[in-house]
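> All residue numbers for the sequence shown refer to our numbering, where the first residue is 132 and numbers rise by one.
Yeah, the Cβ is synthetic: ideal placement off N, Cα and C, and Gly gets one too.
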Amino acid sequence: MKTRFLGDHRLHPESLALRYGYESAWSEGALKPPIFQTSTFVFESAQAGKDFFALAYGLREPTADDHPGLIYSRLNNPNLELLEDRLTLWDEGEDALTFASGMAAIGTSLLAVARPGDVIVHSGPLYGGSDHLLHHVLTGFGMTPVGFAAGRPFETVRPALETALAGRRVAAVLVETPGNPTNSLVDIQAVATWAHGLEQPGARPVVMVDNTFLGPVFQHPLRWGADVVLYSATKFLGGHSDLIGGACVGSRAALAPIRALRTFLGTMADPWTGWLLLRSLETLKMRMTAQMKNARYVAEFLAEHPRVRSVHYLGLLAEDHPMFGVYRRQCVGPGSMVAFEVDGGEAEAFRFLDALRMVRLAVSLGGTESLAEHPATMTHADIPPADQLALGITPGLVRLSVGVEHYEDLLVDLGQALDAIPAR
Ligand SMILES: Cc1ncc(COP(=O)(O)O)c(C=O)c1O
């Protein structure tokens with residue numbers, strides 16, 4: 132059933148997440164798709180195998196009713212194809228790809244478009260792993276990262292960015308909004324308009340947006356001009372802290388080189404992860420909505436607490452903040468990531484983290500349970516201290532991923548842990 136309509140009524144992604152792309156008749160009437168735990172697929176004839184490879188390797192142009200046949204699970208697998216079909220729904224992309232991790236999605240996408248000598252423009256802060264990839268891995272392949280600050284109108288950071296480019300070719304622009312861990316926003320439309328208007332030899336830059344923090348429920352980067360949306364599916368898409376996965380969504384043309392490189396790097400997800408993600412997508416909207424409601428209680432509670440200096444939560448963004456207009460236009464909701472600064476530095480933040488009883492002290496985010504971590508010494512430890520400070524990653528900063536627990540229980544736990552910080 133690959134229709135998005137009931138008569139002339141357009142179905143919503145949360146309804147399509149239960150059925151889209153799957154027919155029970157294919158699998159002995161099974162309501163849910165089975166796990167296709169197989170490495171390879173049997174061809175009906177040698178000619179069928181030849182035809183499938185010609186299509187998969189781009190040796191002939193696909194016709195309108197061509198369906199790529201199943202070959203080998205590094206190229207395609209029913210669980211991944213179903214999942215990819217359903218991932219297109221939320222972001223309204225033509226195509227989607229799943230990966231073994233968020234880093235596999237980001238790394239494969241960047242390597243598919245960037246070449247030695249190219250610049251990769253990026254917003255800051257980025258998740259520590261992405262920052263490391265750009266500044267310590269891709270540099271070894273002759274690519275240069277050039278950053279600009281999130282949390283400010285793009286026109287205010289554009290002149291310095293253009294000076295830093297010094298006329299070099301920009302292969303990709305990697306935007307993370309809201310940025311991990313500070314929730315700083317980037318105006319996707321402003322960045323995409325600038326990038327697509329750059330005059331340079333060869334292809335125009337590919338604008339990639341890491342949408343992990345708000346997920347496809349609360350932000351739709353393709354609508355604002357992004358070419359590729361990236362996800363760590365480990366987070367909200369998976370939602371139960373029990374898998375590692377990644378995804379990207381975009382037009383067929385934008386994803387074609389990424390799909391080709393995924394085949395040859397082998398960075399795809401496995402069938403079991405694909406099946407788990409299919410299950411998780413069924414509850415994506417209700418989980419993210421429940422988490423967002425809890426996060427508002429948490430953020431408001433923290434903002435009033437005497438041991439808290441500041442709270443970074445999109446739901447508390449002041450109307451006179453320079454990014455408030457971008458938030459209202461670009462985001463459907465504030466999500467459930469909250470960062471806050473305790474009154475003090477690393478010692479006080481550690482005191483708080485060690486005193487938590489219900490909220491678990493762990494990196495990662497987007498799962499059903501609430502997690503807390505210390506970005507400066509954990510997820511973003513790799514970034515030099517001066518750069519951390521410039522990005523707002525202070526020694527007293529704590530990042531919270533708010534889960535689906537009862538909000539009163541969360542407030543009691545956070546309150547007792549904050550009270551454990553000695554008054555200064
Ligand atoms: C915003 C963001 N992007 C990408 C990643 C990397 O994802 P993964 O751990 O699935 O490789 C993370 C992980 O924390 C993240 O927070």
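1) Would you say M419 touches ligand 1, meaning its beta carbon is less than 7 angstroms from a heavy atom?
2) Determine whether the beta carbon atoms of V306 and V340 lie at a separation below 8 angstroms.
3) Could you spell out the range, first to last residue, of the beta strand (DSSP E) harbouring M417?
4) How should T169 be labelled, buried or exposed, when 16 other C-beta atoms within 10 angstroms of its C-beta is the threshold for buried?
5) Based on the DSSP secondary-structure assignment, which residues constitute the bridge partners of V304?
6) How about F192: is its Cβ closer than 7 angstroms to a heavy atom in ligand 1?
7) Leaving out five residues on either side along the sequence, give the residues of the same chain with a beta carbon under 8 angstroms from the beta carbon of A179.
8) Grouping DSSP H, G and I as helix and E and B as strand, with all else coil, what is Q320?
9) Keeping to the same chain, check which residues put their C-beta closer than 6 angstroms to that of N311; ignore five residues upstream and five downstream.
10) Considering only heavy atoms of ligand 1, does any lie closer than 7 angstroms to the CB of F344?
11) What I want to know is whether the C-beta of I375 ends up closer than 7 angstroms to one or more non-hydrogen atoms of ligand 1.
12) What is the C-beta distance between F471 and H443, in whole angstroms, given that I count them as a contact (C-beta under 8 angstroms)?
13) Just to confirm my understanding: we take S240, look at its own chain, exclude 5 residues before and 5 after, and list those with CB closer than 7 angstroms. What are they?
14) Can the beta-carbon of A507 be found less than 8 angstroms from the beta-carbon of A231?
15) Compute the beta-carbon to beta-carbon distance between Y458 and Y538, rounded to the nearest angstrom, for a pair I have assumed lies under 8 angstroms.
16) Can you determine whether any heavy atom of ligand 1 sits closer than 7 angstroms to the C-beta of L496, and answer yes or no?
17) Opposite T313 in the DSSP bridges: which residues?
18) For the candidate residues L296, F349, A236, I319, whose alpha-carbon lies nearest to that of K424?
19) Which residues bound the alpha helix (DSSP H) around H263?
20) Among F395, R460, A302, P284, which has the Cα closest to the Cα of V277?
21) Checking the sheet assignment: what are the DSSP bridge partners for R438?
22) For D109, is the classification buried or exposed, using 16 other Cβ atoms within 10 angstroms of its Cβ as the cut-off for buried?
Let me lay it out:
1) Here residue 419 refers to the residue found at position 288 when the sequence shown is read from its first residue. Checking every heavy atom of ligand 1 against the Cβ of M419, none is found closer than 7 angstroms.
2) Within the sequence shown, residue 306 is the residue found at index 175, counting from 1. Within the sequence shown, residue 340 is the residue found at index 209, counting from 1. Contact flag set, yes.
3) Taking the first residue of the sequence shown as 1, we reach residue 417 at position 286. Unbroken run through M417 is the alpha helix (DSSP H), 415-435; no beta strand (DSSP E).
4) As a working mapping, residue 169 is identified with position 38 in the sequence shown. With fewer than 16 Cβ atoms within 10 Å of its Cβ, T169 is classed as exposed.
5) Counted from its first residue, the sequence shown places residue 304 at position 173. Beta-bridge pairing links V304 to V252, V338.
6) Locating residue 192 in the sequence shown gives position 61, where the first residue counts as 1. Correcting the residue identity first, residue 192 is Glu in this sequence and not Phe. Not so, every heavy atom of ligand 1 lies at least 7 angstroms from the Cβ.
7) Residue 179 sits at position 48 when you count from the first residue of the sequence shown. Same-chain partners within the cutoff: G200.
8) Here the question's residue 320 lines up with position 189 in the sequence shown. In the three-state scheme derived from DSSP, where H, G and I count as helix and E and B as strand, Q320 is classed as helix.
9) For the purposes of this step, residue 311 is identified with residue 180 of the sequence shown, where counting begins at 1. So the list reads Y258, once near-sequence residues are dropped.
10) Taking the first residue of the sequence shown as 1, we reach residue 344 at position 213. Yes, ligand 1 has a heavy atom inside 7 angstroms of this Cβ.
11) On the sequence shown, residue 375 is found 244 positions in, with the first residue counted as 1. Yes, the beta carbon of I375 sits closer than 7 angstroms to at least one heavy atom of ligand 1.
12) Position 340 of the sequence shown holds residue 471. Position 312 of the sequence shown holds residue 443. Contact flag correct, Cβ pair sits at about 7 angstroms.
13) Counting from 1 along the sequence shown, the entry for residue 240 is found at position 109. So the list reads M339, V359, L361, C379, I389, once near-sequence residues are dropped.
14) Taking the sequence shown and counting its residues from 1, one reaches residue 507 at position 376. Taking the sequence shown and counting its residues from 1, one reaches residue 231 at position 100. Result no, Cβ atoms of A507 and A231 do not sit closer than 8 angstroms.
15) Within the sequence shown, residue 458 is the residue found at index 327, counting from 1. Within the sequence shown, residue 538 is the residue found at index 407, counting from 1. Beta-carbon to beta-carbon, Y458 and Y538 are separated by about 23 angstroms, too far to satisfy the 8 angstroms threshold.
16) In the sequence shown, residue 496 corresponds to position 365, counting from 1. Within the cutoff, so yes.
17) Position 182 of the sequence shown, counted from the start, is the residue given in the question as residue 313. Note: T313 sits in no beta bridge, so no partner.
18) Your numbering for residue 424 matches position 293 in the sequence shown. Closest by alpha carbon: F349.
19) Within the sequence shown, numbered from 1, the residue matching residue 263 stands at position 132. Taken as a continuous stretch (DSSP letters only), the alpha helix (DSSP H) holding H263 covers 259-263.
20) Along the sequence shown, one-based indexing puts residue 277 at 146. Checking every option, the nearest Cα to that of V277 belongs to A302.
21) Here residue 438 refers to the residue found at position 307 when the sequence shown is read from its first residue. Answer by DSSP bridge pairing: none, since R438 is not bridged.
22) Residue coverage of the chain in this structure runs from 132 to 555, which leaves residue 109 outside it and unanswerable.
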